[in-house]
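Comments concern the structure below.
There are 2 protein chains.
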Amino acid sequence: MNLESAPQGVVAGSIPLFAGHPARELLPIDGLRRVMSAAWEGSDAARMLNYGDEQGNRQLIEFLAARLRRRERLDISRDNLMIIGGSTGGVGMLTQHLTVPGDVVLVDAPSYRDALHIFRDHQLELRAAPIDDEGIVIDELERILQQLAASGVAPRFYYVVPNFQNPTGITLSRERREAVIALSRAYGFAIIEDDVYSDIRFGGALPASFFALARGQNVFRLGSFSKTLAPGLRVGWLVAEARRIAGFVGSGMLRMGGGANPFSAAVVADYCGSGAWEAHVEWLRGQYQKRRDLALAALKASMPAGVTWTRPQGGYFIWLRLPSSVHADELEARAQEGNVYFASGKGFYIHPAAGAHHLRLSFSYVPLPDLQAGIDALGRLIAQLMA
Amino acid sequence: MNLESAPQGVVAGSIPLFAGHPARELLPIDGLRRVMSAAWEGSDAARMLNYGDEQGNRQLIEFLAARLRRRERLDISRDNLMIIGGSTGGVGMLTQHLTVPGDVVLVDAPSYRDALHIFRDHQLELRAAPIDDEGIVIDELERILQQLAASGVAPRFYYVVPNFQNPTGITLSRERREAVIALSRAYGFAIIEDDVYSDIRFGGALPASFFALARGQNVFRLGSFSKTLAPGLRVGWLVAEARRIAGFVGSGMLRMGGGANPFSAAVVADYCGSGAWEAHVEWLRGQYQKRRDLALAALKASMPAGVTWTRPQGGYFIWLRLPSSVHADELEARAQEGNVYFASGKGFYIHPAAGAHHLRLSFSYVPLPDLQAGIDALGRLIAQLMA
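Chains as they are written, first to last, in this note's numbering: chain U, 8 to 394; chain B, 8 to 394.
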């Protein structure tokens with residue numbers, strides 16, 4: 008069972024702190040219902056139920072392009088965008104298009120687990136550089152690149168969740184982004200930025216995207232409505248150079264036979280077009296911030312000395328480091344006895360042992376009292392294991 | 008532009024006889040609206056908007072498994088099924104999973120154009136055997152297999168639309184299916200049966216599926232709600248051996264991050280669960296049969312001697328063969344001047360020249376008077392070109 012995507016599979020009454028889902032009350036059910044009712048009454052129903060363009064819903068593409076022009080002053084048009092069936096599907100699509108088995112790709116240590124899974128199943132060779140509070144450590148990345156170059160190997164791309172990373176919540180600094188771009192040009196690799204959390208931002212500005220800093224060159228930027236609207240709609244987008252988008256749209260390899268989810272995408276387009284999405288995102292930020300605040304306060308109150316954790320400024324996740332005397336596996340076994348579940352650190356590393364003393368907590372999904380109770384329970388168990 | 012999937016891209020007032028879409032009036036808009044309203048009112052809205060299982064909507068899987076057990080006496084359980092985002096996406100998924108660049112796959116001549124496109128973009132080597140009124144010619148297939156074997160090459164799979172094939176409307180006979188299965192065992196290739204038209208059947212029984220005849224062994228059977236409900240929902244299914252389904256569900260390569268279209272799939276599950284789908288399919292059969300009858304009558308009345316065509320017992324398409332003096336390209340250019348569009352035969356063959364005198368007409372999409380007028384116009388133009 009894929010726990011990440013199926014919290015309903017967990018024992019009833021449990022506290023699934025692993026679940027990177029939006030909580031039920033954060034889904035705009037009424038707003039989506041209104042939009043959909045209007046669509047059924049209008050003339051659009053037949054169109055949204057039929058095949059669409061391979062590039063995806065045009066109204067939604069125009070909306071997203073205008074939003075990026077307005078908010079980030081990006082020089083892009085609808086030719087730089089396509090609609091996809093969610094960003095994880097987008098990672099698979101890009102991997103399929105950009106690599107052949109045996110190719111090398113670069114990732115963070117730790118990195119998004121499902122992406123590692125996708126890369127492994129494409130029989131890619133993974134190289135990971137560690138991250139610190141500003142994201143990937145450039146010297147380590149460069150050392151890997153030099154080693155590869157010495158063997159005549161050019162990596163195909165660097166995959167990163169640049170903002171409020173899954174699993175750590177860390178945001179890659181602007182300086183590091185620019186350094187990565189310089190390396191990408193020197194060594195000839197592409198950059199896939201999986202930017203699904205940037206709208207869940209609790210304050211401050213984010214660094215410019217790779218796509219903005221590199222003026223689009225050899226950058227593939229993924230976005231999604233899964234975190235800010237509803238995952239079940241399976242609607243995301245890809246921003247890339249126009250020639251790349253045209254290539255994808257015309258490619259049989261990526262062809263979905265009528266575009267990504269015409270029906271869901273039409274609903275999302277109408278929801279966005281009404282202005283409801285921006286208002287919902289604004290509201291969501293406050294809701295997730297409240298959850299983050301509660302989680303951080305609970306950690307501070309309940310964790311014994313020696314446990315450290317990240318303080319994310321957005322997104323869904325907090326990353327804990329346990330003292331070297333406490334193994335995440337052991338903690339996991341104990342926690343499950345008390346019906347508390349978290350994502351053990353191992354799965355986020357190429358070399359699982361690197362995550363033996365780490366764990367990821369999600370503050371996005373469980374009810375607030377459970378968030379408090381779950382973290383309290385973990386604090387007690389860690390203290391017991393340290394004793 | 009992808010004409011196949013974007014008839015809205017064609018000049019207003021045109022007659023798009025290429026369009027393999029359901030006509031607007033054949034989409035059950037009211038029924039889907041009722042189901043969706045009920046879902047919004049019930050407790051399911053939050054679940055259908057969140058991440059789902061990687062295998063797909065459980066209710067829909069159970070419904071489809073029960074239907075196959077009941078109608079085809081297949082010995083299958085929910086472990087043999089997964090929900091996918093439409094059958095063309097399923098072809099891509101299977102291709103990705105079963106092949107590496109350079110592998111050989113077997114197809115019909117002619118074959119479904121988008122599938123050829125997918126296989127080419129995966130850098131596969133295509134080998135095609137011709138079809139006659141009973142489908143693939145076994146001797147020709149065997150000759151290809153012997154040639155490949157002599158070079159030490161084992162093809163990975165045979166791809167076929169077994170029922171009411173796209174583009175010809177031809178159904179592969181039971182005898183030939185059994186012969187293909189025998190060859191697949193002798194030469195070690197899998198069978199992908201892309202079975203999206205079997206429910207659009209105008210009379211008579213269909214031969215048992217490859218999946219049934221081979222007892223599932225090494226067969227991948229794709230189905231879809233695109234032809235019998237609404238393409239825009241992007242919901243299809245895959246039937247395969249349980250170990251294969253488990254492999255796909257657990258595979259990062261195919262992972263979509265929460266299952267195929269939880270929202271649309273939940274709507275489809277409710278629609279099917281209410282009994283509405285079976286009733287709709289029954290009604291659709293009559294509607295498409297009326298369209299097929301009109302098209303065949305129009306062809307009989309307007310085509311000059313020397314033009315021949317298939318008489319499909321189901322599906323969407325009729326396949327025309329022009330006299331050797333008339334080129335489909337020339338006809339296409341003339342027809343477009345009169346705003347009549349069809350799918351030229353070339354795109355359905357590995358070697359385009361093989362389709363120089365063929366064309367595909369779809370009777371699924373255009374209004375009935377346009378179907379008549381379009382075929383009449385083609386008849387006149389062909390007569391002119393023959394003169």
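Each residue gets a CB set at the ideal place from its N, CA and C atoms; glycine is no exception.
Closer than 9 Å at the C-beta level to chain B, one finds no residue of the stretch 180–210 of chain U. Interface criterion met: the Cβ of V107/B is under 8 Å from a Cβ in chain U. For Q103/U, the nearest CB of chain B lies under 8 Å from its own CB, placing it at the interface with that chain. The stretch 357–377 of chain B makes no contact with the stretch 185–201 of chain B; the number of CB pairs closer than 8 Å stays below 3.
It is roughly 9 Å from the alpha-carbon of V144/U to the alpha-carbon of D115/U. With distances taken between CA atoms, N225/U lies nearest to A197/U out of N87/U, A157/U, A197/U. H104/B: member of the alpha helix (DSSP H) spanning 94–105, first to last residue. Residue-level contact by beta carbon holds for Y58/B and chain U, with a gap shorter than 8 Å.
Rounded to the nearest angstrom, the gap between the Cα atoms of W244/B and K353/U is 33 Å. Around the beta carbon of K297/B, fewer than 16 other beta carbons sit within 10 angstroms, so the residue counts as exposed.
When secondary structure is reduced to three states using DSSP, H287/B falls in the helix class. Measuring C-alpha to C-alpha distances from H28/U to each of R241/B, D60/B, A390/B identifies D60/B as the nearest.
Contact of I389/U with chain B is not assigned, every C-beta pair being separated by 8 Å or more.
Measuring C-alpha to C-alpha distances from A305/U to each of G280/U, S258/U, D377/U identifies D377/U as the nearest.
Note: M89/B is bridge-paired with L245/B in the DSSP secondary-structure output. Fully enclosed beta strand (DSSP E) runs of no fewer than 3 residues occupy 226–231, 243–246 of the stretch 202–249 of chain U, in order along the chain.
With contacts defined by Cβ atoms closer than 8 Å, P174/B and W284/B do not form a contacting pair.
Residue contact with chain B for A45/U: absent (no Cβ-Cβ distance below 8 Å to any residue of chain B). Residues are counted here when their Cβ sits less than 7 Å from a Cβ of chain B; for the stretch 123–135 of chain U these are H124, I125, R127, D128, H129, given in chain order. Just so you know, the alpha carbons of G265/B and G239/U end up roughly 8 Å apart. In the DSSP assignment, E339/U falls within the alpha helix (DSSP H) that extends over 335–344. The alpha-carbon separation between L220/U and Q379/U amounts to approximately 40 Å. Not flagged as an interface residue toward chain B: H287/U, since no C-beta distance is shorter than 8 Å. When DSSP states are grouped into helix, strand and coil, Y58/U belongs to the coil group. Rounded to whole angstroms, the gap between the alpha carbons of A53/B and L368/B is 43 Å. Residues are counted here when their Cβ sits less than 8 Å from a Cβ of chain B; for the stretch 263–285 of chain U these are M263, G264, G265, G266, A267, N268, P269, F270, S271, A273, given in chain order. Cβ-Cβ distances below 8 Å link N64/B to I90, G266, P269, A272, A273, V275, A276 in the same chain, with the five nearest sequence neighbours on each side left out; the list follows chain order. Under the three-state reduction of DSSP, Y372/U is assigned to coil, being neither helix nor strand. When DSSP assignments are scanned along the stretch 150–202 of chain U, the uninterrupted stretches of alpha helix (DSSP H) that are 4 or more residues long and fall wholly within it turn out to be 181–194. Interface annotation, M55/U: in contact with chain B, CB-CB separation under 8 Å. In the structure shown, the three-state DSSP call for R134/U is strand. Less than 8 Å separates the beta-carbon of L75/U from that of L81/U. Inter-residue distance for T317/B and L33/B is about 24 Å (C-alpha atoms, whole angstroms).
Residue-level contact by beta carbon holds for I36/U and chain B, with a gap shorter than 8 Å. The alpha carbon of T178/B has as its nearest neighbour, out of V42/B, D206/B, S21/B, the alpha carbon of D206/B.
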